[in-house]
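Asker: Residue numbers (full-length UniProt numbering), protein chains in the order written: chain X, 1 to 333; chain C, 1 to 333; chain B, 1 to 333; chain H, 1 to 333.
We treat Cβ as the ideally placed atom computed from N, Cα and C, and that holds for glycine.
Number of protein chains: 4
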Amino acid sequence: MTETEPRAAAGIDRTMTEDESIALVDDLCLRYRNWGRWGHDDQRGTLNFITPEALVYAATMIRTGRIVSCGLPFRSDGPQSGGFGGRTNPVHSMLQDGGDIALGAQDDIALLRYTDDAITMPLQCGTQWDALAHIFYRGQMYNGHGLEHVTSRGAFINGIENIADAVAGRGVLLDVPLYRGVDWLDPGDSIGSSELTACAEAQDVEIRSGDIVLVRTGQIAQVRARGAWGDYDSGPAPGLGLSAAHWFAGHEISALATDTWGAEVLPNETPGVFQPLHLILLVNAGMTFGEIFDLEALAKACHDEGRYEFFFTAPPLPITGAVGSPINPLAIF
Amino acid sequence: MTETEPRAAAGIDRTMTEDESIALVDDLCLRYRNWGRWGHDDQRGTLNFITPEALVYAATMIRTGRIVSCGLPFRSDGPQSGGFGGRTNPVHSMLQDGGDIALGAQDDIALLRYTDDAITMPLQCGTQWDALAHIFYRGQMYNGHGLEHVTSRGAFINGIENIADAVAGRGVLLDVPLYRGVDWLDPGDSIGSSELTACAEAQDVEIRSGDIVLVRTGQIAQVRARGAWGDYDSGPAPGLGLSAAHWFAGHEISALATDTWGAEVLPNETPGVFQPLHLILLVNAGMTFGEIFDLEALAKACHDEGRYEFFFTAPPLPITGAVGSPINPLAIF
Amino acid sequence: MTETEPRAAAGIDRTMTEDESIALVDDLCLRYRNWGRWGHDDQRGTLNFITPEALVYAATMIRTGRIVSCGLPFRSDGPQSGGFGGRTNPVHSMLQDGGDIALGAQDDIALLRYTDDAITMPLQCGTQWDALAHIFYRGQMYNGHGLEHVTSRGAFINGIENIADAVAGRGVLLDVPLYRGVDWLDPGDSIGSSELTACAEAQDVEIRSGDIVLVRTGQIAQVRARGAWGDYDSGPAPGLGLSAAHWFAGHEISALATDTWGAEVLPNETPGVFQPLHLILLVNAGMTFGEIFDLEALAKACHDEGRYEFFFTAPPLPITGAVGSPINPLAIF
Amino acid sequence: MTETEPRAAAGIDRTMTEDESIALVDDLCLRYRNWGRWGHDDQRGTLNFITPEALVYAATMIRTGRIVSCGLPFRSDGPQSGGFGGRTNPVHSMLQDGGDIALGAQDDIALLRYTDDAITMPLQCGTQWDALAHIFYRGQMYNGHGLEHVTSRGAFINGIENIADAVAGRGVLLDVPLYRGVDWLDPGDSIGSSELTACAEAQDVEIRSGDIVLVRTGQIAQVRARGAWGDYDSGPAPGLGLSAAHWFAGHEISALATDTWGAEVLPNETPGVFQPLHLILLVNAGMTFGEIFDLEALAKACHDEGRYEFFFTAPPLPITGAVGSPINPLAIF
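1) Could you pull out every unbroken beta strand (DSSP E) segment of at least 3 residues lying fully inside the stretch 72-107 of chain X, listed in chain order?
2) Along chain H, which residues have their Cβ under 8 angstroms away from the Cβ of residue 120 of chain C?
3) Buried or exposed: which applies to residue 259 of chain B, given that a residue is buried once 16 or more other Cβ atoms fall within 10 Å of its Cβ?
4) For chain B, find out if any of its Cβ atoms is closer than 7 angstroms to the Cβ of residue 80 of chain C; answer yes or no.
5) Note down, in chain order, all residues in the stretch 100-126 of chain H with a beta-carbon under 7 angstroms from any beta-carbon belonging to chain X.
6) Over the uninterrupted alpha helix (DSSP H) stretch that includes residue 113 of chain X, give me the two end residues.
7) Below 7 angstroms on C-beta distance, what does residue 91 of chain H contact in chain X?
8) Kindly say whether residue 234 of chain X, judged by its beta-carbon, lies nearer than 7 angstroms to any beta-carbon of chain C.
9) Taking buried to mean at least 16 other C-beta atoms within 10 Å of its own C-beta, is residue 92 of chain C buried or exposed?
10) Can you pull the chain C residues whose beta carbon is under 8 angstroms from the beta carbon of residue 98 of chain H, in chain order?
11) In angstroms with no decimal places, state the Cα-to-Cα distance between residue 224 of chain X and residue 330 of chain X.
12) Okay, do the stretch 67-75 of chain C and the stretch 105-116 of chain B touch, 3+ Cβ pairs below 8 angstroms being the bar?
13) Report the neighbours of residue 307 of chain C on chain B: residues whose CB is nearer than 9 angstroms to its CB, in chain order.
14) Return helix, strand or coil for residue 159 of chain C, following the three-state DSSP convention.
15) I'd like to know if residue 320 of chain X contacts chain E, where contact means its C-beta is closer than 7 angstroms to some C-beta of that chain.
16) Once you ignore the five residues that flank residue 314 of chain X on each side, which residues in its own chain have a CB closer than 6 angstroms to its CB?
17) Do residue 269 of chain C and residue 242 of chain C have their C-beta atoms closer together than 7 angstroms?
18) So if I threshold CB-CB distances at 8 angstroms, which residues from the stretch 127-153 of chain H count as touching chain X?
19) Work out the CA separation of residue 180 of chain B and residue 89 of chain H for me, nearest whole Å.
20) Taking beta-carbon pairs under 7 angstroms, can you tell me which members of the stretch 256-289 of chain B lie near chain H?
21) Taking residue 293 of chain H as part of the beta strand (DSSP E), name the residues at either end of that continuous run.
22) Per the contact definition of three or more C-beta pairs closer than 8 angstroms, is the stretch 40-58 of chain H in contact with the stretch 195-211 of chain H?
23) So which of H:238, H:145, H:36, H:122 has the shortest CA-CA distance to residue 133 of chain H?
24) So within the stretch 34-72 of chain C, which uninterrupted alpha helix (DSSP H) runs reach at least 4 residues, ignoring any that extend past its ends?
25) Please classify residue 120 of chain B: is it buried, with 16 or more other beta-carbons within 10 angstroms of its beta-carbon, or exposed?
26) For residue 252 of chain B, which residues from the same chain have a beta carbon less than 6 angstroms from its beta carbon, with the 5 sequence-adjacent residues on both sides left out?
27) Can you give the Cα-Cα distance for residue 261 of chain C and residue 135 of chain B, rounded to whole angstroms?
28) What distance in whole Å lies between the Cβ atoms of residue 147 of chain B and residue 103 of chain C, which are believed to be in contact at a cut-off of 8 angstroms?
29) Are the beta-carbon atoms of residue 175 of chain B and residue 216 of chain B separated by less than 7 angstroms?
30) Could you check the C-alpha separation between residue 244 of chain H and residue 128 of chain B for me, to the nearest Å?
31) Just reading off the alpha helix (DSSP H) that residue 196 of chain C is part of, what are its end residues?
32) Taking 7 angstroms as the CB-CB limit, is residue 328 of chain B close to chain H?
33) Alpha carbon to alpha carbon, how far is residue 110 of chain B from residue 21 of chain H? Give it in angstroms, no decimals.
34) Give the range of the beta strand (DSSP E) segment to which residue 137 of chain C is assigned.
35) Take residue 305 of chain B and list the residues in its own chain whose beta-carbon comes closer than 6 angstroms to its own, dropping the five residues that flank it on each side.
36) Using only the alpha-carbon positions, how far apart do residue 187 of chain C and residue 228 of chain C sit?
Written out as structure tokens, the structure is:
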């Protein structure tokens with residue numbers, strides 16, 4: 001299969017006008033809209049697909065006891081370069097450290113000595129979930145709520161705390177570079193619906209309602225190979241194309257994640273719409289998006305284990321009113 | 001069983017002198033020291049007790065698909081009052097919000113609109129793991145490393161990132177107030193070895209090597225009943241007494257957590273040693289401590305489900321060099 | 001003179017309805033509006049009254065070489081209690097300290113050793129200037145600019161950087177408690193136009209165009225006497241009454257400051273309008289407001305020196321787009 | 001005069017060994033040591049040279065009423081690139097903004113609407129004073145105090161708050177590029193004692209005890225010409241050479257500042273000692289150092305006014321225990 005076939009198969013007409021792309025996205029938004037599906041007060045969206053039964057089934061994925069973290073280190077040399085509106089890398093500072101102990105600063109404490117620390121960080125500077133309050137389309141976020149619910153005091157609706165106990169289930173990795181036989185996809189390489197299907201088939205993994213699907217593009221491998229983040233945090237990227245909307249919505253996926261900064265192929269295939277899947281899937285279907293996952297070790301583990309399914313959990317920090325959360329996703333085999 | 005028996009059973013002589021308590025703690029430190037047990041480079045300590053087999057067994061706890069979060073919300077009205085050296089509540093700030101969208105500040109973006117946010121917080125201001133680099137005793141932390149490994153630039157050894165993929169296994173809740181027939185334990189109430197054993201028996205739960213054990217004192221219920229945190233973040237507290245060292249070390253527990261700020265009973269039973277279990281278990285045995293867990297919903301769930309065992313995971317954020325991490329612990333039935 | 005006379009003299013009818021107070025404030029806003037007075041691009045407002053001549057005259061105030069700071073320490077036990085929307089006290093953290101040096105963390109540097117630090121703070125958590133972008137009235141700030149100029153990315157107009165080189169001139173202290181013969185004014189005590197005039201006369205100080213006028217209420221003395229900030233940061237306070245608008249506008253004052261959190265008497269005298277002087281003077285006249293000044297040492301110095309005029313400077317940090325700035329105001333005799 | 005003469009005139013032997021340079025610096029440290037000169041409790045050092053008489057004389061510099069700020073904007077595109085141990089550019093965030101007002105988030109307030117903001121920043125990330133607690137030499141800071149006085153809780157001695165009311169006096173600009181007839185000095189260009197003398201003579205400005213001396217290298221002009229900060233924050237720089245120690249100490253200068261990140265020429269002329277003037281002048285003489293001053297507008301103003309002397313003030317924020325402070329220095333003619 002050549003690299004261009006998936007895009008062709010996805011049926012995306014790269015010559016669409018802005019207006020045509022807007023009309024297409026609007027149509028897909030309405031087609032996959034889940035507003036009200038789980039009640040008008042629902043703030044979890046497609047994570048509702050993870051039923052108790054699905055979760056119990058997910059537990060059967062744990063067979064060899066191997067754990068893999070998909071979290072990038074949070075540190076000062078992370079992916080952020082300031083390219084995306086005010087996002088910086090984390091600033092970690094020590095409130096007490098070994099030096100304080102050495103200088104006797106804790107000598108009023110009986111024998112025990114301690115260290116302590118703090119962090120300042122954008123919540124989406126590294127491996128993270130977008131909350132459903134992260135994206136608006138035509139003035140509305142998931143379930144039809146307006147702008148007035150996300151002010152400088154945070155998100156009063158669809159904040160990350162609503163999914164504090166919702167993110168555990170069966171995980172599936174789709175290793176697209178492996179499927180294509182390349183080290184990584186290049187910026188601009190699009191992954192469409194038919195390729196997702198073909199990749200899953202090639203990996204012999206069934207997709208089930210409620211699955212959390214991780215799509216590897218290999219961009220972090222590329223970053224490591226060149227030894228620099230470059231514009232990884234905001235620039236062109238390989239990723240999901242517009243037709244992937246059908247696949248994710250059709251399979252009742254609960255959450256998706258990739259190893260890129262914005263999950264979608266950049267430049268987008270829709271000249272008049274930035275990040276259309278965020279509008280179709282996150283805003284309308286209510287699907288939680290994960291970004292900047294490090295899927296390299298997971299890809300190796302799946303290959304070693306001979307299966308691309310696992311138990312998966314990535315509980316967000318329940319920061320009240322947050323529109324995202326740093327996470328440490330775990331895949332357990 | 002009366003409330004005082006457990007403490008009597010624990011064999012703690014409340015009339016110990018400072019020197020006697022230091023000698024006793026020193027003895028226990030040596031007795032339960034695991035330095036070198038998992039290699040001189042080990043930075044995970046008792047989490048090594050969670051073998052692949054133990055993890056696979058833990059997965060069998062997932063039977064009804066119920067999930068409970070043990071994480072307190074991270075927000076400005078959290079437990080911190082400034083009582084503990086510089087710890088504040090989280091400061092959550094918005095980088096972009098609905099107001100920016102309303103004012104047209106994102107009108108250069110094609111149709112999509114977004115919100116974004118950041119946080120500044122001490123890493124141990126709420127529900128959290130202590131890293132093994134959090135505590136020193138006589139100039140050493142777990143596995144014998146010195147003060148020079150934790151400077152203002154963070155922990156170069158025993159930082160929280162070392163357990164990024166280590167915290168998932170079988171969880172057990174010991175609901176001590178339920179066992180005692182009270183709403184909550186009061187500050188100063190000590191939980192010793194024999195009471196832990198008796199509580200587990202009363203709950204009909206077996207303790208296994210590698211278990212993560214959560215001990216409920218009910219202090220958060222007390223905070224809620226009075227409607228104020230008060231000195232919850234640094235003051236007297238119910239908690240584990242010195243004799244609990246035998247229980248946790250003897251059962252090969254991988255990690256422990258309570259619903260108080262410091263896990264141990266305060267005032268401590270050892271007049272010359274502050275927080276002796278941190279020295280014995282964290283520094284010497286290499287046991288990861290969890291604090292400020294909200295165990296109220298979990299206690300109810302255990303009661304409802306009729307069992308005090310569950311699958312448990314609480315992956316720390318892999319903040320490089322951090323001596324603790326905020327977490328969102330999940331118990332899955 | 002009794003304590004109640006000034007308020008009577010101010011002509012404020014405490015029985016005004018909300019609508020009457022709104023009409024009165026609207027009238028004063030229009031009466032004292034300076035929009036366009038210094039050009040439609042002006043972003044300095046009444047600081048323009050400090051002409052080069054006024055500044056040269058101000059220099060003649062420096063006669064004995066005594067300097068007094070009116071800045072409160074910025075530290076964790078400052079006035080903020082969380083009472084005012086998200087304002088906290090400063091968090092000061094060390095990036096490098098003596099302990100790092102002691103542990104050899106800088107041994108790669110040839111002989112020199114250093115310390116370094118950082119701060120996280122609301123810009124108006126202590127002694128501070130309000131920028132002209134800090135207050136809006138009916139959707140407009142100084143010089144008629146709309147809401148869209150202050151987004152999450154800061155103030156694009158009327159930010160504090162516009163007065164970076166504007167705040168130096170003749171300062172005058174009006175020591176109202178001294179004038180009244182009391183230690184301090186109580187919350188709710190209002191200072192009106194006639195009392196300002198009388199106080200200046202009693203102090204034998206002439207008011208000139210361009211003066212920076214500091215009004216002492218003594219509230220910080222009261223805080224110190226009781227040993228607690230209490231609700232100093234957001235609660236009832238002594239301060240300027242509505243009639244003071246005539247005095248400040250009429251005298252062509254360039255900037256005003258008090259030793260309270262909000263400059264104005266609280267509760268305000270206008271039932272339908274919060275902080276009316278901010279609307280009349282800051283938004284309409286373009287007058288820079290200073291708050292949380294510590295005027296205790298200055299009051300003593302004025303008394304010692306036998307004069308209530310001095311050279312005054314309080315340069316704001318030129319934080320681009322900021323709507324306020326912490327300052328360290330200096331009075332020089 | 002050629003560009004190389006000053007360095008020759010400075011008498012620095014660029015072939016010194018490490019040991020020779022250490023011996024030379026040690027000798028100069030002892031020669032210019034002021035420990036005890038203003039009492040053993042003194043925490044202001046050479047700022048004591050600004051006597052009341054000197055300050056009154058300084059006021060006579062104010063003759064035309066022109067003010068020039070020497071402060072760089074504090075903003076996200078400032079000089080910091082992460083090159084110097086953890087220093088980042090300021091992060092400015094809005095607590096309330098026009099968008100909140102537009103969305104009605106303040107509609108519980110009667111008519112007034114406000115904006116509010118916060119900052120997170122290293123204290124030495126831009127235009128700043130070093131506190132006397134910023135530098136240690138052989139375990140001691142100014143006046144002989146040890147490492148234990150600067151821990152993670154800040155500086156208990158020699159913190160910036162000690163000079164809160166000390167920094168106002170006569171300022172002198174030495175415009176070295178103008179003197180040399182170049183646009184700017186290049187990294188590595190050293191300014192020695194004899195050139196300082198010659199430059200002052202060429203500018204016809206007398207140097208007096210207590211003066212605050214600003215030395216322009218033009219490096220910020222160079223940054224602007226190339227349109228990028230590059231390694232301005234930590235790399236090679238033009239600046240003061242070792243022999244300048246004689247000049248600054250001999251003239252009883254109260255404080256010095258330059259337009260570079262570290263005041264001194266880099267690479268230093270002393271192979272075994274990093275930043276020797278910090279050791280000789282800051283640690284031993286107790287001289288306050290200013291760095292990252294923007295002297296471009298001031299140079300133009302001095303040229304326009306025909307004099308290189310002015311009233312100067314740059315009050316640091318009184319951040320308790322800080323080892324530096326951001327400032328907005330003002331020169332008034």
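Answerer: If we stick to the structure as given:
1) 91-96
2) 120
3) buried
4) no
5) 100, 103, 104, 105, 120
6) Note, residue 113 of chain X: premise wrong, no alpha helix (DSSP H); beta strand (DSSP E) at 112-114.
7) 88
8) no
9) buried
10) 99, 103
11) 21 angstroms
12) no
13) Here the premise fails: no neighbours, minimum Cβ distance about 41 angstroms.
14) coil
15) In the structure shown, chain E cannot be found, because the protein chains are X, C, B and H.
16) 167, 327, 329
17) yes
18) 147, 148, 151, 152, 153
19) 48 angstroms
20) 272, 273, 274, 275, 278, 279
21) Per DSSP, residue 293 of chain H belongs to no beta strand (DSSP E) and is neither H nor E.
22) yes
23) H:145
24) 52-59
25) buried
26) 49, 209
27) 41 angstroms
28) 6 angstroms
29) yes
30) 38 angstroms
31) 193-202
32) yes
33) 11 angstroms
34) 135-137
35) 333
36) 15 angstroms
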